[in-house]
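**Q** I have a structure I would like to understand better, so I am pasting it below and will then ask my questions one at a time.
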Ligand code: ACO
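Residue numbers (the numbering used here): 33 to 411.
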């Protein structure tokens, strides 16, 4: 096959690989729907639990459906002791490596592991959604020499995570904000990690394989790792006056401003819009408005780039929100993961229900038909 006969789509840019009912994105106007519902309505009015239900079962729950679903999530929060032992063994690793390893190991304890039916995959998706915060919080405590905190059934996913991370009763406003943050991260088309999860599912591997793949792909700084990098940048900048020279120097050296740019959004990332106002309000509430001011200045310096479609993305503001909640910076991507497991599960089910092996091709550009020499003839 010669280069002329093949139309290369490097990075699969603008390639549609299938149909989906999970989410809709219009990158030109910055519109995001989960199963038909606008992210703006969901972020302002729905809990993460409602959104998990929406993604997994296709519509928003009634009150009684939500009550039963919340009870199911709560009943699945605890981890087998062996998983806690694994976390203790690898406590020095990055939290995403620990989460990926623990999720993978949970396959050994899941009664449905070999069952790829929709019903079993839903059960596993609920279990992994419920277990992920317990893994992350337990690891964060174990590595500090503390004991894991038992889940509190009176709290929702977000509040319970803060409780398991810090102990005690979470600040209700922090818990509400984290709940909204989970809603905003729950699903997002065939981004790199969802694509990874779908590729795993397309081989008819099970949900634990697919979620483990999703976690692996999300970790990179070009994807979910950007939130941590943005906060590192804000800390390095240190104060508002330094922001402009810092960004100009970075750009003049060919660097990228983390938290800016998106493969699909070319005008506005609707998730960033919500988190921007939340980051501002949280900074004021915590008496630390400086991080918002620094990031706001970075954003102003980047303004000319918006004409080229390089705008703030979801990760630009989320890091400062987690930082102000005193969450360690290497946990930021794990929080993204806790929000995204329902989206991955929804897409894995779609993949299973109308499966086709995801197997694109590569255009070979290396040498051809070389003369083979035995090892003694190679000089
Ligand atoms: N800062 C400066 N310039 C940028 C940035 C940025 N953050 N992002 C893209 N550009 C420039 C590139 O240098 C390139 O310029 P050129 O055409 O002059 O070479 C042009 O914009 C296009 O960039 P691509 O890398 O081709 O765009 P792509 O769609 O492949 O990349 C990506 C998207 C990876 C997100 C990119 O914008 C980036 O690296 N951003 C920083 C990391 C980040 O914030 N990631 C989180 C994304 S959101 C999420 O995953 C949840």
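No residue lacks a Cβ here, since even glycine has one placed at the ideal position from N, Cα and C.
Between the Cα of residue 220 and the Cα atoms of 390, 62, 375 and 327, which residue gives the shortest distance?
**A** Indexing the chain shown from 1 puts residue 220 at position 188. When only C-alpha atoms are compared, the closest one is 375.
**Q** By Cβ distance below 7 Å, which residues in the same chain neighbour residue 330 in space, the five residues on each side in sequence not counted?
**A** Counted from its first residue, the chain shown places residue 330 at position 298. Only 275, 279 and 289 meet the Cβ criterion.
**Q** So, do the stretch 387-395 and the stretch 255-268 have three or more beta carbon pairs nearer to each other than 8 Å?
**A** Because the criterion of three Cβ pairs below 8 Å is not met, the stretch 387-395 and the stretch 255-268 do not touch.
**Q** Can you tell me where the alpha helix (DSSP H) with residue 85 in it begins and where it stops?
**A** Here residue 85 corresponds to residue number 53 of the chain shown, with the count starting at 1. Counting along the chain, the alpha helix (DSSP H) containing residue 85 begins and ends at 80-89.
**Q** DSSP beta-bridge partners for residue 344?
**A** Counting from one through the chain shown, the residue named residue 344 turns up at place 312. In the DSSP output, where bridge partners are listed per residue, residue 344 has 292.
**Q** Which two residues bound the contiguous beta strand (DSSP E) that contains residue 211?
**A** Looking up residue 211 in the chain shown gives position 179. Taken as a continuous stretch (DSSP letters only), residue 211 belongs to no beta strand (DSSP E), being part of the alpha helix (DSSP H) at 204-217.
**Q** The ligand ACO and residue 346: does any heavy atom of the ligand fall closer than 7 Å to the residue's C-beta?
**A** Within the chain shown, the letter at position 314 stands for residue 346. Yes, the Cβ of residue 346 comes within 7 Å of a heavy atom of the ligand ACO.
**Q** Give me the Cα-Cα distance between residue 92 and residue 214, rounded to the nearest whole angstrom.
**A** As a working mapping, residue 92 is identified with position 60 in the chain shown. As a working mapping, residue 214 is identified with position 182 in the chain shown. Rounded to the nearest angstrom, the two C-alpha atoms are 16 Å apart.
**Q** If residue 292 sits next to residue 337, beta carbons under 8 Å apart, how far is it from one beta carbon to the other, in whole angstroms?
**A** What you label residue 292 is simply residue 260 of the chain shown in a count that begins at 1. What you label residue 337 is simply residue 305 of the chain shown in a count that begins at 1. Right, the Cβ-Cβ distance comes to about 7 Å (below 8 Å), so this counts as a contact.
**Q** Is the stretch 190-209 touching the stretch 222-236 in the sense that three or more CB pairs, one from each, lie closer than 8 Å?
**A** No: the two stretches stay apart, fewer than three of their Cβ pairs being nearer than 8 Å.
**Q** Smallest Cα separation from residue 352: which of 303, 282, 320 and 94?
**A** Here residue 352 is taken as the residue at index 320 of the chain shown, counted from 1. With distances taken between Cα atoms, residue 352 lies closest to 320.
**Q** According to the neighbour-count rule (16 or more other Cβ atoms, all chains shown, within 10 Å of its Cβ), is residue 247 buried or exposed?
**A** To locate residue 247, count along the chain shown from 1; it is residue 215. Buried is the call here.
**Q** Between the Cα of residue 185 and the Cα atoms of 401, 102 and 342, which residue gives the shortest distance?
**A** As a position in the chain shown, residue 185 is number 153, starting the count at 1. Per the Cα distances, 102.
**Q** Assuming contact is defined by CB atoms lying nearer than 8 Å, are residue 304 and residue 348 in contact in what I supplied?
**A** By 1-based counting over the chain shown, the position of residue 304 is 272. By 1-based counting over the chain shown, the position of residue 348 is 316. Their beta carbons are under 8 Å apart, which means residue 304 touches residue 348 by this criterion.
**Q** For the beta strand (DSSP E) containing residue 58, list its first residue and its last residue.
**A** For the purposes of this step, residue 58 is identified with residue 26 of the chain shown, where counting begins at 1. Segment 55-58, the beta strand (DSSP E) holding residue 58.
**Q** Report the CB separation of residue 250 from residue 368 in whole angstroms; it is logged as a contact under 8 Å.
**A** Mapped onto the chain shown, residue 250 falls at position 218. Mapped onto the chain shown, residue 368 falls at position 336. So it is a contact: roughly 7 Å between Cβ atoms.
**Q** What is the C-beta distance between residue 328 and residue 52, in whole angstroms, given that I count them as a contact (C-beta under 8 Å)?
**A** For the purposes of this step, residue 328 is taken as the residue at position 296 of the chain shown. For the purposes of this step, residue 52 is taken as the residue at position 20 of the chain shown. 35 Å between Cβ atoms; not a contact.
**Q** With 16 as the cutoff for other CB atoms within 10 Å, does residue 381 come out buried or exposed?
**A** Taking the chain shown and counting its residues from 1, one reaches residue 381 at position 349. Counting Cβ neighbours within 10 Å, residue 381 comes out buried, since at least 16 surround it.
**Q** Buried or exposed for residue 395, please, with buried defined as at least 16 other CB atoms from any protein chain shown within 10 angstroms of its CB.
**A** For the purposes of this step, residue 395 is taken as the residue at position 363 of the chain shown. Residue 395 comes out exposed.
**Q** How many Å lie between residue 384 and residue 138 at the Cα?
**A** Sequence index remark: in the chain shown, residue 384 carries index 352 (1-based). Sequence index remark: in the chain shown, residue 138 carries index 106 (1-based). So the alpha carbons of these two residues sit roughly 21 Å apart.
**Q** On a Cα-Cα basis, can you pick out the residue from 398, 217 and 296 that is closest to residue 74?
**A** Stepping through the chain shown from its first residue, residue 74 is reached at position 42. The candidate whose alpha carbon is nearest that of residue 74 is 217.
**Q** Per DSSP, what kind of secondary structure is residue 402 in: helix, strand or coil?
**A** Counted from its first residue, the chain shown places residue 402 at position 370. Coil.
**Q** If you draw a straight line from the C-alpha of residue 284 to the C-alpha of residue 181, how long is it?
**A** Position 252 of the chain shown, counted from the start, is the residue given in the question as residue 284. Position 149 of the chain shown, counted from the start, is the residue given in the question as residue 181. Cα-Cα distance, rounded: 47 Å.
**Q** Report the partner residues of residue 63 according to the DSSP bridge assignment.
**A** Sequence index remark: in the chain shown, residue 63 carries index 31 (1-based). DSSP lists 58 as partners of residue 63.
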